[in-house]
Each structure stands twice: as structure tokens, then as C-alpha cells.
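Here the structure is laid out as C-alpha cells; the discussion comes afterwards.
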Amino acid sequence: MKMMSGAAMVVEALKDVGVELVFGYPGGAVLDIYDALFAQDQVKHVLVRHEQAAAHMADGYARSTGKTGTVLVTSGPGATNTITGIATAYMDSIPMVILSGQVPSMHIGEDAFQETDMVGCSRPIVKHSFLVKKATDIPQAIAKAYYIANTGRPGPVVVDLPKDLVNIADEHPYVFPDDVTMRSYQPTLKGHNKQIKKAVEVLLSAKRPVMYVGGGAITAEADSRLIGLAEKLNLPVTCTLMGLGAFPGTHCQSLGMLGMHGTLEANKTMHNSDCILALGARFDDRVTNNVAKFCPNATIIHVDIDPTSISKTVNAHIPVVGSVDKVLDQLESHIGDIDEQQQKHKLSEWWEQIEQWRAKKCLNYAKGVDQIKPQEVIESLYKHTDGKAFVSSDVGQHQMFAALYYPFAKPRQWINSGGLGTMGFGLPAAMGVQFANPNAISAVVTGDGSIQMNIQELSTCLQYNLPIKVISLNNRALGMVRQWQDMIYKGRHSHSYMESMPDFVKLAEAYGHVGIRVNHPDELDDAMRECFSHTDRLVFMDIAVDQNEHVYPMQIKYGAMDDMRLSKTERT
Amino acid sequence: MKRIISVLMENAPGSLSRIVGLFSQRGYNVDSLCVAPTDDSSLSRLTIITHGDDKAIEQITKQVNKLIDVLRVVDLTENAHIERELMLIKVLTPTDAIRAEVKRNVDIFRARIVDVNASNYTIEITGTTEKLDAFADTMKQSAEIIESSRTGVCGLARGERALRVS
Numbered sequence: 001m002k003m004m005s006g007a008a009m010v011v012e013a014l015k016d017v018g019v020e021l022v023f024g025y026p027g028g029a030v031l032d033i034y035d036a037l038f039a040q041d042q043v044k045h046v047l048v049r050h051e052q053a054a055a056h057m058a059d060g061y062a063r064s065t066g067k068t069g070t071v072l073v074t075s076g077p078g079a080t081n082t083i084t085g086i087a088t089a090y091m092d093s094i095p096m097v098i099l100s101g102q103v104p105s106m107h108i109g110e111d112a113f114q115e116t117d118m119v120g121c122s123r124p125i126v127k128h129s130f131l132v133k134k135a136t137d138i139p140q141a142i143a144k145a146y147y148i149a150n151t152g153r154p155g156p157v158v159v160d161l162p163k164d165l166v167n168i169a170d171e172h173p174y175v176f177p178d179d180v181t182m183r184s185y186q187p188t189l190k191g192h193n194k195q196i197k198k199a200v201e202v203l204l205s206a207k208r209p210v211m212y213v214g215g216g217a218i219t220a221e222a223d224s225r226l227i228g229l230a231e232k233l234n235l236p237v238t239c240t241l242m243g244l245g246a247f248p249g250t251h252c253q254s255l256g257m258l259g260m261h262g263t264l265e266a267n268k269t270m271h272n273s274d275c276i277l278a279l280g281a282r283f284d285d286r287v288t289n290n291v292a293k294f295c296p297n298a299t300i301i302h303v304d305i306d307p308t309s310i311s312k313t314v315n316a317h318i319p320v321v322g323s324v325d326k327v328l329d330q331l332e333s334h335i336g337d338i339d340e341q342q343q344k345h346k347l348s349e350w351w352e353q354i355e356q357w358r359a360k361k362c363l364n365y366a367k368g369v370d371q372i373k374p375q376e377v378i379e380s381l382y383k384h385t386d387g388k389a390f391v392s393s394d395v396g397q398h399q400m401f402a403a404l405y406y407p408f409a410k411p412r413q414w415i416n417s418g419g420l421g422t423m424g425f426g427l428p429a430a431m432g433v434q435f436a437n438p439n440a441i442s443a444v445v446t447g448d449g450s451i452q453m454n455i456q457e458l459s460t461c462l463q464y465n466l467p468i469k470v471i472s473l474n475n476r477a478l479g480m481v482r483q484w485q486d487m488i489y490k491g492r493h494s495h496s497y498m499e500s501m502p503d504f505v506k507l508a509e510a511y512g513h514v515g516i517r518v519n520h521p522d523e524l525d526d527a528m529r530e531c532f533s534h535t536d537r538l539v540f541m542d543i544a545v546d547q548n549e550h551v552y553p554m555q556i557k558y559g560a561m562d563d564m565r566l567s568k569t570e571r572t
Numbered sequence: 001m002k003r004i005i006s007v008l009m010e011n012a013p014g015s016l017s018r019i020v021g022l023f024s025q026r027g028y029n030v031d032s033l034c035v036a037p038t039d040d041s042s043l044s045r046l047t048i049i050t051h052g053d054d055k056a057i058e059q060i061t062k063q064v065n066k067l068i069d070v071l072r073v074v075d076l077t078e079n080a081h082i083e084r085e086l087m088l089i090k091v092l093t094p095t096d097a098i099r100a101e102v103k104r105n106v107d108i109f110r111a112r113i114v115d116v117n118a119s120n121y122t123i124e125i126t127g128t129t130e131k132l133d134a135f136a137d138t139m140k141q142s143a144e145i146i147e148s149s150r151t152g153v154c155g156l157a158r159g160e161r162a163l164r165v166s
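Residue numbers (full-length UniProt numbering), protein chains in the order written: chain G, 1 to 572; chain E, 1 to 166.
Take a look at the structure:
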């Protein structure tokens, strides 16, 4: 039996669960753990500039790989700074383990220096948490944390480690558990056969079916199965903001994104369908619009690994609890051999209808003459990255433009804070992506508002030579807020613009990077080419875009899915 | 509608706060909560009295079930069940007449006087919530209530159905 300190146990357990990379920031309560990290080089550590960014980096790392991201922070402010990052991961079901230092056990509850009840603070936004009570429990707590974080519906798990337990002067026996299964935690992976049978019956007899795909399909790595079933049954497919890439946006059966800023064809198809096959999606309010008017004629088959997601907002007629990949296998084998030509013929009328909606070309926009339109920037990004980049995004108009104008062909290519809508997510997430995929292009689409919420990480980028491409759509305003103020508040722009915008080019240069300013539509293509010619440098593209551009289509509040504005003057 | 949700969970530190937090976080009602370890000391059993429509109750049971420490959840109200609550109630008994009236009511309700003082009685009564409410109302009419404390409901399914780790 190996004898070691609690701090060494933390590092040893990380090795035993296969952790390669930790994003963190040292401080009093975790100095022993940092000392143990110093003594080895198997587990690499990334020193961030703010703990919130550490959580977003771990998040980007996890989203782009499917592996669990790891965060290490000190007690008190170190721990509480991660809260937004944890909530972001929780809302989007991202596997993450947060190791937080805690004041020594005997001082817990005394309002000691840098004490916060991290287990309590994080309780509503974690899948589970551990406050470790004995040093010998460390390996087990860490092993369980990783097991819980990345099984079932993934999510963040906090492990709070009091300082006395990790003291480098005290040695304890290290035993890594062989088995971490828990009697109280056994996620259901396979769908119930009776439900599968019912689902297949409804699906095969449907005249106007649609597949509605969410982030759960990406988590389950079900992309090839999705394509298989969609092609076999000739189904139209729409993805949620979180599901983009699960089914290729470039596929002829793809209708693009649905929901608040979804395409006309996606929302129309949903609204008029008679059967919705929902896969790993959760009928979020940004999808359904008014639930009372939601898809009135559809029989809903809802496949989700989390029973609480089923019938939470919209009632499912055929609930199937299970992971998307397993359930798709079951559906596939239950459907068996069918006449694909006949199936194609059966849905031909439906497809004709869909093509009419598509023909409206709802994503068309007037190209800028003097001013760059944000849509053009995304199209240019698509062109210059061959559609193959990892695109992380911040939150706001630019996020929606990226989701709509960059058709993602592969899962995990699109990294955004969908559920929580966290501004400041993009840059650190793109860094996590770049750490996990050193040879890939990691771009972040951001805006002048969002980028300033974690801009200090440009310093971390220099330290680790991350050649990220920052595509900042600078409209001198908080664009999405401004859009709502234009539409709902009669153009009263209450605190939605910034009068002291920094010179982002100089700022990028001050951090040691390349900055490029783009003002005119004619410069865009060349500037983008220059940007991607710097393969080993971070390039900050400060692109001045039209301040008055709105994101369309947009659902009309309290309406049905297909009640939409298509432009400033046109609605459905 | 009133529901009795029975929960079997790991008797681990912090488990209870997760349940209580879940109810407040998601806006569910808690009318009473009763919790203690079971015959198996590694497990705790909770009984939560809540109310809501079918959709809300379905979400509550699913959300509680989703907590990592929770092993089983059952809505006892769906089937035949036994529910009991215990109340201790202290009443002022300054005169013989009041003492006699209190004693009479205690007998009628099959309650017990568990502590006697010069000026007050403390009474223990077990039963359904409705019975305890009725007893408290009756007491109010015959004596002044000084204080009372109730455990909240605990319950078991009737017959062979049981909430246990298989």
C-alpha cells in the first residue's frame, strides 16, 4: 500500500482517473495540492487569470472532447468565482469536476479567512458534491466525482477539500477504489421496449414527421446513428442551439436551428408536424415559444436520459427514458428493413411543403455597402475555415448569427453557453478547445460586450501560445439588448451602449498578440485571410459591424412556434 | 391535492439539505417534512407532505429521484397507506373544571397526558393530520394552548408494498 500525503493523493487520484489537464489558480487552502502538482509532470496545469475562466476552459475542453474538464481553485473567492462557470456547465449538461480548497476542518463554520460554504453555494447548480471529511476518503471522492460527472446526464461535481486533509506533512495509505458504482445512482440507458414499439408505430405511420435533436445527441455521440435513421425514414431534421452539429447542418435533410431565432422552415415544420421525434432535447422555452400553442397536431415521442426533462414543459405522448445512442439502436432494429423508396414517396408531399418554406430563404439579408453586416463576417469565417473550425461563442446577437450562418457539419464543433447564456464564456471556452485540440482551428465569435467580461485571459493565451482567432463583432453596443429595446421598448436604449470602447487592436497588441481592425465590407475578405495566415499567433479581429442590424427570424412572444418576424417589416 | 411523498436516501451528510434546497429552488411546496434513520442505519427515510397538481407532483418525484443520494421515491397517496403524526401540546389548566374537561377530551381522542404541572398539562397524541387538527381545535375550546409541536407526517404503504433497497 502506497503511503502519501492528502495533497499527493489528490494528484495521484487525478492520474488514476486519467486526467491530463487541470485549469486552476493557486491560493492559501490549496498550496499543498499545488506543491504536489509541482512534484510531477503527468498532470499538466494551466494557470488562468480568473477562476471563472478556469471553469469555462474546463467546459470548452469537455465540450470539444466529451472528456471531463477539471478545475482546481482555492477556498472562498477562488471557489465562488467558479460559480458562473459551474452554472453554465450545469445548464448545458457538461461533465466537469471542480476541486475547491476549504479552510481546515476545525475552522469550518467559524467564518475563517477565505471561508465559504462551497458545497452550499454550489448546491443548486451541481449534479452532486462532496465535502471530504478524512484524508483516506480523497481517492474515493475523486473517483466518484468523475464517475458521476460523466455518466447519465453529465454535469459538474464539486469536491471540497479542507486544508488539514491535504497537509503535505501527514501521510496516509492510498487506495484507489476498484469500483465506484453506487446503489443510489444507476442511470437508465436503454429505452423500455414497449415504448420503443409504440414510438416506431407512430413514426412509421406519420405523414408529417420531424426529428428534433438536442445536445443529448452530442453527449451520446449518436451522430452517425442519427444520420442513419433520418436517411432511412427520409425525415426532416432540426437541431436546437445545443444540438447544432449532431446532425450535419450541410445535409440536405437539415432544416437548421429551430426556436426563438430558428429558421422559418424549421419552425414551420415543427408547428405543422404530426409526429415529433425529440432526441436529447428538453423543450426549452427558447424553443417552444408559447407552450399552449405548441405544435397542436403532433404526437410527441420524447427520448431523454433524464426523466425530469420529459413532460416538464410540454407533455410527451410517448416518453422514452434512455440515452439517445442506445434508443436509436433500438428504434433502428425495431424498424428493421423497410422499403426506403416507398418511405420517400410517402413523405413526398410533406417535403414539397417544406421546400416551399425553404424557398422563402429566411436567412437572406441585404449586404452592406458602407458598413459590414454581422452575417457577412460569419459567412467569411465559414469560408476561410472551410467550415471545419471549432467555433466557440459568447452570448448575444453574434451568437445567433454564428449559429445560423455557420452550418456545423460535425458534433462538438459548436461550443456555446446555451442554457445559462453566459457572456464571457467564449474566449476561455475557445482556450479549453485549443488545449484539447492543439492542431485544430479554434475561433471565438464574440462581441464588444462579451469579450470584455473575460478579456484578461488574453494573457493566459500568450503564456501557453494559444493561436486562437478572436472574431469580435464590434457594434459599439450590447446588440441583443439593443434589439429588444428597439422592438419592445420603442428604441429607448437604456444602458445598452458603451461610450468608452477600448482600442481593441492596441489591447491585443499590449497582451502580445496580433490585432486587426476591419471597418469596410471591401476589407473583410483580405483581413480574414490575413487573420488565418497567422497560424501560430492569436489574432484579435476587431470588426466594426452595422449597429442597427437585428437577428431574424425571431419568434413573436406568446405566439406559436411559427409566429415569427422575418425582418424589421415582415412577419409570418 | 395533498400528497405524501416517501423517500429512501443515503444517510449521508448534506443529503437533507439537497432535498430541502430542491424544494425551494424549484418552487415546490413543503407542508411538512419528517426525517430519521431507518432500521438500516445507512439509510434515512423522509416523508414530505406537499400539494400540487399531477404535473407538479410528477416533477417533484422525478426531481427528488434524480438526486444522487436518493434510492427510492414513492407517492404514498397513490395507494392504500397508513399515515401518522405525533403532536405534543401544552395547555393551561388553572381550575378543576378545565382539568376535568381536558382529561375528558384526552380520553375521547385516545391521547395521553405525559406531563402534569401545577398549572398545565402536556398531552401526547398520535394520528392522522386531520385527527390532530380536530384535537387541537377541541383543546382550544376548553383550555388555553401554551405551545404545541408536531412531528410532521410519516407513512407506510399498506400490505406487501414496501419502500426498501432490493
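Just so you know, even glycine gets a beta-carbon here, dropped at the ideal spot from N, CA and C.
Nothing here was measured: the structure is a model prediction, and the numbers come from that model.
Reduced DSSP category for Phe532(G) - H, G, I as helix; E, B as strand; rest coil
As a first step, residue 532(G) must be located in the first sequence, where it is residue number 532. If DSSP states are grouped into helix, strand and coil, Phe532(G) belongs with the helices.
With 16 other CB atoms within 10 Å as the buried threshold, where does Glu265(G) fall?
Walking along the first sequence from the start, residue 265(G) turns up at place 265. Classification of Glu265(G): buried, given that the 10 Å Cβ count is 16 or more.
Under a Cβ-count criterion, where at least 16 other Cβ atoms within 10 Å of its own Cβ denotes burial, should Met3(G) be classed as buried or exposed?
Within the first sequence, residue 3(G) is the residue found at index 3, counting from 1. So Met3(G) counts as exposed.
Which residue wins for smallest C-alpha separation from Arg537(G), given the options Ile441(G), Lys490(G), Thr219(G) and His495(G)?
Position 537 of the first sequence, counting from 1, holds the residue named residue 537(G). Of the candidates Ile441(G), Lys490(G), Thr219(G) and His495(G), the one whose C-alpha sits nearest the C-alpha of Arg537(G) is Ile441(G).
Rounded to a whole number of angstroms, what is the C-alpha to C-alpha distance between Ala389(G) and Glu51(G)?
If you number the first sequence from 1, residue 389(G) lands on position 389. If you number the first sequence from 1, residue 51(G) lands on position 51. The straight-line gap from Cα to Cα measures roughly 26 Å.
Assigned secondary structure, Glu115(G) (DSSP; H/G/I helix, E/B strand, else coil):
Here residue 115(G) refers to the residue found at position 115 when the first sequence is read from its first residue. Glu115(G) falls in the coil class under three-state DSSP.
Taking the straight line between their C-alpha atoms, what separation do you get for His520(G) and Ala409(G)?
Position 520 of the first sequence, counted from the first residue, corresponds to residue 520(G). Position 409 of the first sequence, counted from the first residue, corresponds to residue 409(G). His520(G) and Ala409(G): Cα-Cα distance of roughly 30 Å.
When the distance is taken between beta carbons, is Ile471(G) closer than 8 Å to Met431(G)?
Here the question's residue 431(G) lines up with position 431 in the first sequence. Here the question's residue 471(G) lines up with position 471 in the first sequence. Not closer than 8 Å, so no.
Do Met564(G) and Arg571(G) have their beta-carbon atoms positioned less than 8 Å apart in this structure?
The residue you call residue 571(G) lines up with position 571 of the first sequence. The residue you call residue 564(G) lines up with position 564 of the first sequence. Yes, the Cβ-Cβ distance between Arg571(G) and Met564(G) is below 8 Å.
Answer yes or no: do Asp115(E) and Thr126(E) have a C-beta to C-beta separation smaller than 8 Å?
Taking the second sequence and counting its residues from 1, one reaches residue 115(E) at position 115. Taking the second sequence and counting its residues from 1, one reaches residue 126(E) at position 126. Against a cut-off of 8 Å, the Cβ pair of Thr126(E) and Asp115(E) comes out as no contact.
Would you say the beta carbon of Ala55(G) comes nearer than 7 Å to a heavy atom of the ligand NAP?
Of the ligands one can find in the structure shown there are none, so the ligand NAP has no counterpart to examine.
Does the segment 185-195 of chain G come within contact of the segment 48-62 of chain G, defined as at least 3 CB pairs closer than 8 Å?
no
With Asp16(G) and Phe247(G) assumed to form a contact (beta carbons below 8 Å), what rounded beta-carbon distance in angstroms separates them?
As a position in the first sequence, residue 16(G) is number 16, starting the count at 1. As a position in the first sequence, residue 247(G) is number 247, starting the count at 1. Actually they are not in contact, since the Cβ atoms of Asp16(G) and Phe247(G) sit about 36 Å apart, beyond 8 Å.
Alpha carbons only, please: which of Leu241(G), Cys275(G), Met242(G) and Ile33(G) is nearest the one belonging to Leu235(G)?
Taking the first sequence and counting its residues from 1, one reaches residue 235(G) at position 235. With distances taken between Cα atoms, Leu235(G) lies closest to Cys275(G).
For residue 168(E) and chain G, any beta-carbon pair shorter than 8 Å?
Here chain E comprises residues numbered 1 to 166, so residue 168(E) is not present and cannot be evaluated.
Do Ile68(E) and His128(G) have their beta-carbon atoms positioned less than 8 Å apart in this structure?
As a working mapping, residue 128(G) is identified with position 128 in the first sequence. As a working mapping, residue 68(E) is identified with position 68 in the second sequence. It is a contact, given that the beta carbons lie within the stated cut-off.
Can Thr82(G) and Val71(G) be called in contact, C-beta distance under 8 Å?
Taking the first residue of the first sequence as position 1, residue 82(G) is located at position 82. Taking the first residue of the first sequence as position 1, residue 71(G) is located at position 71. For Thr82(G) and Val71(G), yes; Cβs fall inside 8 Å.
Return the residue from the list Ser393(G), Leu229(G), Ala13(G) and Thr136(G) that minimises the CA-CA distance to Lys344(G).
Reading the first sequence from its first residue, position 344 is the one you call residue 344(G). When only C-alpha atoms are compared, the closest one is Leu229(G).
Give the range of the alpha helix (DSSP H) segment to which Gly426(G) is assigned.
Mapped onto the first sequence, residue 426(G) falls at position 426. According to the DSSP assignment, Gly426(G) belongs to the alpha helix (DSSP H) that extends over Gly426 to Ala436.
Which bits of chain G does Lys103(E) rub up against, with CB to CB less than 7 Å?
The residue given as residue 103(E) occupies position 103 in the second sequence. Those do not exist, as Lys103(E) stays about 47 Å from chain G at its closest Cβ, beyond 7 Å.
So, does the CB of Gln59(E) fall closer than 8 Å to a CB anywhere in chain G?
If you number the second sequence from 1, residue 59(E) lands on position 59. Interface residue, yes.
By the DSSP assignment, the alpha helix (DSSP H) with Arg72(E) in it spans what residues?
What you label residue 72(E) is simply residue 72 of the second sequence in a count that begins at 1. Here Arg72(E) belongs to no alpha helix (DSSP H); instead the beta strand (DSSP E) covers Val70 to Asp75.
Answer yes or no: does any C-beta atom of chain E fall closer than 8 Å to that of Thr68(G)?
By one-based count along the first sequence, residue 68(G) stands at place 68. No, no contact with chain E.
Distance between Gln399(G) and Leu277(G) (C-alpha atoms, nearest Å)
Position 277 of the first sequence, counted from the first residue, corresponds to residue 277(G). Position 399 of the first sequence, counted from the first residue, corresponds to residue 399(G). Cα to Cα, Leu277(G) sits roughly 26 Å from Gln399(G).
Under a three-way DSSP split, which group does Glu457(G) fall into?
Within the first sequence, the letter at position 457 stands for residue 457(G). Residue state, collapsed to three classes: helix.
According to DSSP, is Thr181(G) helix, strand or coil?
Translated into positions along the first sequence, residue 181(G) becomes position 181. Of the three classes helix, strand and coil, the one that applies to Thr181(G) here is coil, per DSSP.
Could you confirm whether any beta carbon from chain E is found closer than 8 Å to the beta carbon of Pro307(G)?
Position 307 of the first sequence, counted from the start, is the residue given in the question as residue 307(G). Yes, Pro307(G) lies at the interface with chain E (some Cβ there is under 8 Å from its Cβ).
Using beta carbons (cut-off 8 Å, strictly below), is Lys62(E) in contact with chain G?
By one-based count along the second sequence, residue 62(E) stands at place 62. At least one beta carbon of chain G lies nearer than 8 Å to the beta carbon of Lys62(E).
Just how far apart, CA to CA, sit Ser496(G) and Asp448(G)?
The sequence position of residue 496(G) within the first sequence is 496, counting from 1. The sequence position of residue 448(G) within the first sequence is 448, counting from 1. So the two alpha carbons sit approximately 12 Å from each other.
Among the candidates Phe130(G), Asp117(G), Ser105(G) and Glu115(G), whose CA atom is the shortest distance from the CA of Pro162(G)?
As a first step, residue 162(G) is located in the first sequence; it is residue number 162 there, counting from the start. Answer by Cα proximity: Ser105(G).
I need the straight-line Cα distance from Lys134(G) to Pro13(E), nearest angstrom please.
One-based indexing of the first sequence puts residue 134(G) at position 134. One-based indexing of the second sequence puts residue 13(E) at position 13. Each residue's alpha carbon lies about 13 Å from the other.
Let me check one thing: in DSSP terms, what residues is Gly280(G) bridge-paired to?
The count along the first sequence starts at 1 and reaches residue 280(G) at position 280. Answer is none; Gly280(G) lacks a bridge partner.
With distances taken Cα to Cα, identify the nearest neighbour of His302(G) among His550(G), Ser392(G), Leu279(G) and Thr288(G).
Here residue 302(G) is taken as the residue at index 302 of the first sequence, counted from 1. Of the listed residues, the one whose Cα sits closest to His302(G) is Leu279(G).
Whether Thr269(G) touches Thr238(G) by CB criterion (8 Å)
To locate residue 269(G), count along the first sequence from 1; it is residue 269. To locate residue 238(G), count along the first sequence from 1; it is residue 238. Cβ distance < 8 Å, so Thr269(G) and Thr238(G) count as in contact.
Which residues does DSSP pair with Lys190(G) in a beta bridge?
Stepping through the first sequence from its first residue, residue 190(G) is reached at position 190. BP columns for Lys190(G) are empty, so no partner.
Assuming Asn289(G) contacts Gly559(G) under a Cβ cut-off of 8 Å, what Cβ separation, rounded to an integer in Å, is found between them?
For the purposes of this step, residue 289(G) is taken as residue 289 along the first sequence, with counting starting at 1. For the purposes of this step, residue 559(G) is taken as residue 559 along the first sequence, with counting starting at 1. About 6 Å separates the two Cβ atoms, so the contact holds.
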